[in-house]
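For the record, in the sequence shown the residue sitting at position 46 is 248 according to the working numbering, with numbers rising by one throughout. Glycine included, each C-beta is placed from N, C-alpha and C at the ideal position. What follows is one structure encoded as structure tokens, with my remarks underneath.
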Amino acid sequence: MIAFCGLVCSECPVFKATQKDDNQHKTKIAKSWSRYYGFELEPKDINCDGCSTENDQLFKHCKVCNIRKCCQEQHIENCAHCSDFPCNELNKIFEAVPNAKIQLHQIKNNL
Numbered sequence: 203m204i205a206f207c208g209l210v211c212s213e214c215p216v217f218k219a220t221q222k223d224d225n226q227h228k229t230k231i232a233k234s235w236s237r238y239y240g241f242e243l244e245p246k247d248i249n250c251d252g253c254s255t256e257n258d259q260l261f262k263h264c265k266v267c268n269i270r271k272c273c274q275e276q277h278i279e280n281c282a283h284c285s286d287f288p289c290n291e292l293n294k295i296f297e298a299v300p301n302a303k304i305q306l307h308q309i310k311n312n313l
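Shown next, in the form of structure tokens:
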């Protein structure tokens with residue numbers, strides 16, 4: 203499951219904990235990510251069915267993600283399908299998560 207930005211949702215700890223409904227793992231992720239990212243997360247924030255989900259069960263950041271919003275407005279599967287690929291917003295993700303760039307370039311090359 204590839205996110206709009208190229209992240210692999212199915213490899214995300216939040217996605218995995220949600221799919222397993224593992225509250226102990228959600229608590230552990232919330233504590234760990236709160237320290238790492240410098241903002242407070244609670245176990246209730248650790249719920250996500252992947253950014254392309256139609257329901258509202260998304261990780262806190264995904265709910266306000268500009269890339270997600272853009273892809274939804276354009277009705278495209280992910281950024282590889284965009285005529286502006288790669289945009290400045292997406293390049294910020296690529297700096298933090300180089301594998302996202304690889305994923306989207308592979309998709310783009312196969313279109």
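Element boundaries [alpha helix (DSSP H), containing residue i]
i, result
"Phe217", "215 to 222"
"Asn290", "290 to 298"
"Lys271", "268 to 276"
"Thr248", "The question names Thr, yet the displayed sequence has Ile at residue 248. Element bounds for Ile248: n/a, residue is neither H nor E."
Under 9 Å between C-beta atoms of residue i and residue j
i, j, result
"Ile204", "Ile309", "yes"
"Ile248", "Lys228", "yes"
"Phe206", "Cys289", "no"
"Ala232", "Glu244", "yes"
"Ser236", "Glu242", "yes"
Residue i (DSSP reduced to helix, strand or coil)
i, result
"Ile204", "strand"
Assumed close pair residue i, residue j - CB separation to whole angstroms, cut-off 8 Å
i, j, result
"Cys250", "Phe261", "4 Å"
Residue nearest to residue i in terms of C-alpha spacing, selected from the options
i, options, result
"Leu209", "Asp224, Thr255, Gln305, Trp235", "Gln305"
"His277", "Val216, Gly240, Ser254", "Ser254"
"Gly252", "Asp224, Cys264, Leu243", "Cys264"
Minimum Cβ-Cβ distance from residue i to chain D less than 9 Å
i, result
"Asn225", "Here chain D cannot be found, since the structure has a single protein chain."
Residue i beta carbon near the ligand MN (any heavy atom closer than 8 Å)
i, result
"Asn301", "Of ligands this structure carries none, so the ligand MN is not represented either."
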